[in-house]
Amino acid sequence: MYSMDDTQVARTIELNDGTQMPVLGLGTWKSSHLPRTSVQGAVEAAIAAGYRHIDTAYNYRNEADIGKALCSKMKQGIIRRQDVFIVSKLCYTHHAPEDIPLCLNKSLNDLQLDYLDLYLVHFPVGLKKEGDELFPKQDRKMLTTDIDYVDVWRGMEALQASGKVKSIGVSNFSILQLERLLALCRVPPAVNQVELHPYLVQTDMIEFCKSRNIALTAYSPFGSPARPPSELFAGESDPYKILEDEVVADVAKRHRHTPAQVLLRYHVQQGIAVIPKSDKPHHILENTKIFDFSLTAEDMRALKGLDRGWRSCRLDEVKSHPYYPFV
Ligand SMILES: NC(=O)c1ccc[n+]([C@@H]2O[C@H](COP(=O)([O-])OP(=O)(O)OC[C@H]3O[C@@H](n4cnc5c(N)ncnc54)[C@H](OP(=O)(O)O)[C@@H]3O)[C@@H](O)[C@H]2O)c1
860 MYSMDDTQVA RTIELNDGTQ MPVLGLGTWK SSHLPRTSVQ GAVEAAIAAG
910 YRHIDTAYNY RNEADIGKAL CSKMKQGIIR RQDVFIVSKL CYTHHAPEDI
960 PLCLNKSLND LQLDYLDLYL VHFPVGLKKE GDELFPKQDR KMLTTDIDYV
1010 DVWRGMEALQ ASGKVKSIGV SNFSILQLER LLALCRVPPA VNQVELHPYL
1060 VQTDMIEFCK SRNIALTAYS PFGSPARPPS ELFAGESDPY KILEDEVVAD
1110 VAKRHRHTPA QVLLRYHVQQ GIAVIPKSDK PHHILENTKI FDFSLTAEDM
1160 RALKGLDRGW RSCRLDEVKS HPYYPFV
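Structure, rendered in structure tokens:
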């Protein structure tokens, strides 16, 4: 894994189970506050632009539209199932042993697939399953469970053994939580998908994952700029706009690329997969043009120098839970 050189970065990352994960994927999370645009169109545009990795999740509630896009591209003979790397995530409302396969089956049905390439535990803290509610609350307090993520991981191991998921991993896990999984479980996580960008460099996480052969996927590479301050995962107000940062703009200008391309190149050059979200065909295409230039050591230093430990995704509502990862 992490095979790279400065000019020719690898287009795939080898996971610790031998699977190849494309380094660039399309993110598909949509804010419920934004006008609903077609994720089906975004996935079709992405496949046409060469993306072969699609990131989704049960709780994005758009897997049926993604399934339509995949099905249509397969019917047209543009892709075969084995050409695309499809990632989904176990919802935190489905951490109970009997709910884990239900959640996977719903995603598989919606996506019209008989297996996933990678299935992630979305978040280490579980929430109560209350009908269809994604964020169950009582008296404005989030209803959490005390289900241990180690037990959830055993359920993930069983899914992998069933053949319905090729690789298994986690998302939003801390170093301590990864260490505990590695110590107690049979299968090591192949991936930890976490928020990463120059405002949240996470050097310790990068070094830890590298040393334990756990691949990283960077989510919200642009700091999730469309996320309204009131959105559940957001901070009270998010003053930071990485895409407009002067240092990023300066690096971009020198390389005759865009700030978005610099922010994506920043990850792939470190051997980290990245999953920018867009539903604009011109952005989707722009975000693929990251393999024809190389950031210098000085550029990387300047970008990392922007670190301020800022997260767009904090889930403050469960901060007091013992498994809350961002401490
Ligand atoms: N595991 C987790 O807990 C977790 C959490 C958050 C996100 N994720 C995953 O990571 C993906 C990406 O994160 P995100 O959606 O939070 O945000 P993001 O990728 O940081 O930012 C997406 C925003 O950037 C804009 N954008 C995309 N390309 C652009 C370009 N070339 N120039 C200017 N603006 C551009 C998009 O607008 P347009 O659509 O208008 O282009 C959209 O508003 C998600 O979609 C999801 O798949 C995972």
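Residue numbers (this note's numbering): 860 to 1186.
Every residue gets a Cβ at the ideal spot worked out from N, C-alpha and C, and that includes glycine.
Remember, predicted model here, so these are calculated numbers, not experimental data.
Check                                                                                                                                                         : Outcome
Please list the terminal residues of the continuous alpha helix (DSSP H) segment that includes Val898.                                                        : 898–908
For Pro1181, is the classification buried or exposed, using 16 other Cβ atoms within 10 angstroms of its Cβ as the cut-off for buried?                        : exposed
What residues in its chain sit with their C-beta under 8 Å from that of Glu989, if we drop five residues either side in the sequence?                         : Thr952, Pro995, Leu1002
Can you tell me whether DSSP reads Gly926 as helix, strand or coil?                                                                                           : helix
According to the neighbour-count rule (16 or more other Cβ atoms, all chains shown, within 10 Å of its Cβ), is Pro1084 buried or exposed?                     : exposed
Which of the three DSSP states, helix, strand or coil, is assigned to Arg870?                                                                                 : coil
Using three-state DSSP, classify Gly1014 as helix, strand or coil.                                                                                            : helix
Does the segment 947–961 come within contact of the segment 969–981, defined as at least 3 CB pairs closer than 8 Å?                                          : yes
Between the segment 1122–1131 and the segment 1060–1079, do at least 3 Cβ pairs fall closer than 8 Å?                                                         : yes
Spatial neighbours of Val974 within its chain, please: C-beta separation below 8 Å, excluding the five flanking residues on both sides.                       : Just to set this straight, residue 974 is Tyr in the shown sequence, not Val. Cβ neighbours of Tyr974 beyond the five flanking positions: Leu967, Gly1022, Lys1023, Val1024, Lys1025.
For Arg1269, does the count of other Cβ atoms within 10 angstroms reach 16, so buried, or fall short, so exposed?                                             : Because the chain here runs from 860 to 1186, residue 1269 falls outside it and cannot be looked at.
Cβ of Phe994 versus every heavy atom of ligand 2: is any distance shorter than 8 Å?                                                                           : As far as ligands go, the structure on display features ligand 1 and does not contain ligand 2.
Contact defined as beta carbons within less than 8 Å: I believe Tyr1177 pairs with Val984. What is the distance between those atoms, to the nearest angstrom? : One detail in the question is off: residue 1177 reads as Val in this sequence, not Tyr. That belief holds up - the Cβ atoms of Val1177 and Val984 are roughly 5 Å apart, short of 8 Å.
Who pairs with Asp914 in a beta bridge, going by DSSP?                                                                                                        : Gly886, Val946
From the DSSP output, which residues share a beta bridge with Asn1051?                                                                                        : Val1029, Leu1075
In the structure shown, what three-state DSSP assignment does Leu1102 receive?                                                                                : helix
Would the segment 1033–1053 and the segment 1100–1119 be scored as touching if the rule is three or more Cβ pairs under 8 Å?                                  : no
If you reduce the DSSP assignment to three classes, tell me which class Gln1019 lands in.                                                                     : helix
Between Gly1014, Asn918, Leu1165, Glu1016, which has its C-alpha nearest Val969's C-alpha?                                                                    : The sequence given here places Asp at residue 969; Val does not occur at that position. Taking only the C-alpha atoms, the option nearest Asp969 is Asn918.
Measuring straight from C-alpha to C-alpha, what distance separates Leu874 and Lys987?                                                                        : 32 Å
Does the count of Cβ pairs from the segment 1052–1062 and the segment 1011–1020 closer than 8 Å reach three?                                                  : no
Less than 9 Å separating the beta-carbons of Leu1055 and Ala1077?                                                                                             : yes
Less than 9 Å separating the beta-carbons of Lys1136 and Gly886?                                                                                              : yes
Taking the DSSP output, what are the residues bridged to Met823?                                                                                              : As shown, the chain starts at 860 and ends at 1186. That puts residue 823 outside it, with no answer to give.
Below 9 Å between beta carbons: does that hold for Gly900 and Asp1138?                                                                                        : yes
Just mark Leu1122 as buried or exposed, buried being the case when its beta carbon has 16 or more other beta carbons within 10 Å.                             : buried
Any beta carbon from chain D within less than 9 Å of Thr1004's own beta carbon?                                                                               : Looking at the structure shown, chain D is missing, and only one protein chain is on hand.
Kindly give me the distance between the Cβ atoms of Asp942 and Arg911, rounded to whole angstroms, as I take these residues to be in contact under 8 Å.       : 6 Å
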